[in-house]
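Structure first, then comments.
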Amino acid sequence: MGALVTLDLPDDSPTLDLPWIITFGPLSDDDEWEPVVCGPYERQHALSLAESVVADEQLMAVVEPLLPSTAAAEIRDEIEKARRLAEEEPPQLGDESFGDTGLSGLLDEDGHDHDHLEAAEPPTSAEIKAGMRRIAAKLSA
Numbered sequence: 001m002g003a004l005v006t007l008d009l010p011d012d013s014p015t016l017d018l019p020w021i022i023t024f025g026p027l028s029d030d031d032e033w034e035p036v037v038c039g040p041y042e043r044q045h046a047l048s049l050a051e052s053v054v055a056d057e058q059l060m061a062v063v064e065p066l067l068p069s070t071a072a073a074e075i076r077d078e079i080e081k082a083r084r085l086a087e088e089e090p091p092q093l094g095d096e097s098f099g100d101t102g103l104s105g106l107l108d109e110d111g112h113d114h115d116h117l118e119a120a121e122p123p124t125s126a127e128i129k130a131g132m133r134r135i136a137a138k139l140s141a
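Numbered by UniProt numbering, the letters in the sequence shown go through residues 1 to 141 in order.
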């Protein structure tokens, strides 16, 4: 079983509505290959896809929001925020504030925690394409 890492956000966080990406990479330092980045997806689609891929593989999947910055100044501001947060105290893998670090304990779409979560059925291509259309509509609004 692999590991899934994502942000632990409150239900009313505006970040939940952003497009999300998945970065798949090796679970251990012994494995050396370039990570694969996929997306953008809606958050629940990203979580389901990541979960289904790492369920039976020794992989790590990081599911994170994609910030739709439209100016270099916005990007610089985000970089500065990230640097400030890192100086305060960097999150550690397994730290509750960082997010989920494995398939067990992943919250389902109803917010229920499961001790032993079976691999979720990944969304269909049609569902993903519909999600991408919704993301495109949000980004172009």
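The beta carbon of each residue, even a glycine, is placed where N, CA and C say it ideally should be. Values in this document were obtained by computation on a predicted structure and should not be read as measured data.
Three-state secondary structure (DSSP) of residue i
{"i": "Pro68", "result": "coil"}
{"i": "Ala61", "result": "strand"}
{"i": "Leu2", "result": "Per the sequence shown, residue 2 should be read as Gly rather than Leu. Coil at Gly2, not helix or strand."}
{"i": "Asp23", "result": "Asp is not the amino acid found at residue 23; the sequence shown has Thr there. Here Thr23 sits in strand by DSSP."}
{"i": "Pro123", "result": "coil"}
{"i": "Leu103", "result": "For Leu103, the predicted structure reports a pLDDT of 43, less than 50, and the residue's modelled location is therefore unreliable. The matter cannot be settled from this model."}
Length of the line joining the Cα atoms of residue i and residue j
{"i": "Arg134", "j": "Glu57", "result": "30 angstroms"}
{"i": "Glu78", "j": "Ala137", "result": "23 angstroms"}
{"i": "Ala71", "j": "Leu16", "result": "22 angstroms"}
{"i": "Asp12", "j": "Gln44", "result": "15 angstroms"}
{"i": "Lys81", "j": "Ile21", "result": "20 angstroms"}
{"i": "Ser140", "j": "Thr6", "result": "26 angstroms"}
{"i": "Leu27", "j": "Ala130", "result": "31 angstroms"}
{"i": "Glu127", "j": "Pro19", "result": "15 angstroms"}
{"i": "Ala61", "j": "Asp8", "result": "15 angstroms"}
{"i": "Gly2", "j": "Phe24", "result": "10 angstroms"}
{"i": "Pro123", "j": "Pro10", "result": "24 angstroms"}
{"i": "Ala73", "j": "Glu88", "result": "23 angstroms"}
{"i": "Arg83", "j": "Ile75", "result": "12 angstroms"}
{"i": "Asp31", "j": "Met132", "result": "32 angstroms"}
Beta bridge counterpart(s) of residue i as assigned by DSSP
{"i": "Val36", "result": "Phe24"}
With 16 other Cβ atoms within 10 Å as the buried cut-off, status of residue i
{"i": "Trp33", "result": "exposed"}
{"i": "Glu51", "result": "buried"}
{"i": "Ser48", "result": "buried"}
{"i": "Ala46", "result": "buried"}
{"i": "Ser104", "result": "Because the pLDDT at Ser104 is just 39, under 50, the model does not fix this residue reliably, and the value given afterwards should be weighed accordingly. So Ser104 counts as exposed."}
{"i": "Val54", "result": "buried"}
Any chain B beta carbon closer than 8 angstroms to residue i
{"i": "Ser140", "result": "The structure shown contains no chain B; it holds only a single protein chain."}
Q. Per the contact definition of three or more C-beta pairs closer than 8 angstroms, is the region 57-75 in contact with the region 35-46?
A. yes
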